[in-house]
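In my numbering, the protein residues as written are 114 to 181.
Shown next as structure tokens:
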């Protein structure tokens, strides 16, 4: 099932699938608070809690934070 979001009034189809509970996450990288890349592999063997926070300098992200 394809998932869609709205971007600037246009429907955009997302690629990939949402993970299921208990599914092992594929490696990925994000930008850390020091603006350096951080990968999931860097924390192998440790328990992890992912807290992804949007960039609040864009209207859509700022609105999502207020609603959440």
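Don't be surprised by glycine CBs; every beta carbon is placed ideally from N, CA and C.
C-alpha distance - residue i paired with residue j, whole-angstrom precision
i           : j           : result
residue 154 : residue 146 : 18 Å
residue 156 : residue 116 : 29 Å
residue 163 : residue 119 : 24 Å
residue 172 : residue 166 : 14 Å
residue 136 : residue 158 : 16 Å
residue 127 : residue 174 : 17 Å
residue 131 : residue 149 : 26 Å
residue 133 : residue 141 : 17 Å
Residue i - containing beta strand (DSSP E), residue span
i           : result
residue 119 : 117-120
residue 143 : 142-144
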